[in-house]
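In the numbering used here, the protein residues as written are 149 to 338.
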């Protein structure tokens, strides 16, 4: 038989933690993990609140920007019409002055009408209303011209097909947008 004591093998190894120590270490680790998770949660909640506030501010800024843009568009429309009307007032004044002359001769009326027409054209040009008046022989442009009729090309004519023969009514554009196309006659294909 041996002198070996069976209880000796059951004795804890030297330096190994006891079950109570292991349980305490595990509880401490869980407490640390819980504290870290709670700190992470608090940080995420703070960040979420900050992002929610930033979102609300961005929404408010966007609504304010949209409202200001709508107001500016409304003002621009109102003042554009006001500016245009203001530029036409001298034309109206000239017409009234011409009509106020009781015994005006045909010559005086014609000179007054020509001066008034120059004022009107000037007012239109200042407001970016540009005349569309194609020269005879210019290429027909369906974006700026409206063909009223097609006429055959006279024998021996150098006029090319599908070009303007004459203008029946001038057209007008504003900012490169056609208000009214020029009414033209166009040469027929040969």
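Even for Gly, the Cβ is constructed at its ideal location relative to N, Cα and C.
Distance from residue 305 to residue 278 at the Cβ level is roughly 30 Å; contact not present, criterion being Cβ atoms closer than 8 Å.
About 18 Å separates the beta carbons of residue 296 and residue 327, which is beyond the 8 Å limit, so they are not a contact pair. In this structure, 308 is the residue among 308, 215 and 229 with its C-alpha nearest to the C-alpha of residue 299.
Per DSSP, residue 254 is one residue of the alpha helix (DSSP H) stretching across 254 to 274. Boundaries of the beta strand (DSSP E) harbouring residue 296: 293 to 299, taken from the DSSP string.
A contact is defined here as three or more CB-CB pairs under 8 Å, and the segment 249 to 260 fails this definition with respect to the segment 223 to 237.
Each residue's CA atom was taken as its position, placing residue 238 and residue 268 some 8 Å apart. Annotated three-state conformation of residue 311 is strand, per DSSP.
Straight-line measurement puts the Cα of residue 235 at about 14 Å from the Cα of residue 226. Judged by DSSP secondary structure, residue 201 falls within the alpha helix (DSSP H) whose first and last residues are 167 to 248. In the structure shown, residue 319 adopts extended strand secondary structure according to DSSP, grouped into three states. Distances from the alpha-carbon of residue 311 to those of 244, 288 and 245 put 288 closest. Per DSSP, reduced to three states, the secondary structure at residue 333 is strand. Residue pairing by DSSP places residue 338 opposite no residue, since no beta bridge is assigned to it.
For residue 279, the uninterrupted beta strand (DSSP E) segment begins and ends at 277 to 280. A direct Cα-to-Cα measurement between residue 223 and residue 213 gives close to 15 Å. For the set 282, 323, 303 and 324, the Cα lying nearest the Cα of residue 333 is the one of 282. Taking 8 Å as the upper bound for CB-CB distance, residue 314 and residue 330 are not in contact here, some 10 Å apart. Contact between residue 263 and residue 242 holds: CB atoms are separated by about 6 Å, below the 8 Å threshold.
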